[in-house]
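Scroll down for the structure; my scribbles are underneath it.
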Amino acid sequence: MATKKSSGRSHGFKHKSRSVMKKKAPRGVSFLLREYQEGQQALVIIDSRQHKGLPHRRYHGKVGTITKVGRRAITLDVKLGEKSKTLITRLDHIKPFGV
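Residue numbers 17 to 115, in the numbering used here, belong to the letters of the sequence shown in order.
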């Protein structure tokens, strides 16, 4: 039995996430001044300039409900298919939903 012919170079994580994580303009500090409350909805937007607390690229563009607010990080419940996932991320990677 013959093996399947390869269809070119493998496209891994770096290739797949490059378009999602592309940012051109410099970032201000206004995102640090936002106040979040539990029960509020937030949008997950990955910011490639901050690698700490970076959520997986599958959560980019998803809306979650805030369950816990800390000093540097926020805990969100995000629906992914039929399951609800708990996502712990930094303030850099979220923004209020509807703003």
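Virtual Cβ for every residue (Gly too), placed ideally from N, Cα, C.
Residue 60 counts as buried, since at least 16 other C-beta atoms from the protein chains shown sit within 10 angstroms of its C-beta. Straight through space, the alpha carbons of residue 98 and residue 107 are spaced by roughly 26 Å.
In the DSSP assignment, the residues bridged to residue 112 are 58. Looking from the CA of residue 109, the closest CA among 35, 18 and 73 belongs to 73. The Cβ atoms of residue 57 and residue 91 do not sit closer than 8 Å to each other. By the neighbour-count criterion, in which 16 or more other beta carbons inside 10 Å mark a residue as buried, residue 19 falls on the exposed side. Taking residue 113 as reference, the option from 87, 51, 104 and 45 with the minimal CA-CA separation is 51.
In the DSSP assignment, residue 93 is bridged to 81 and 102.
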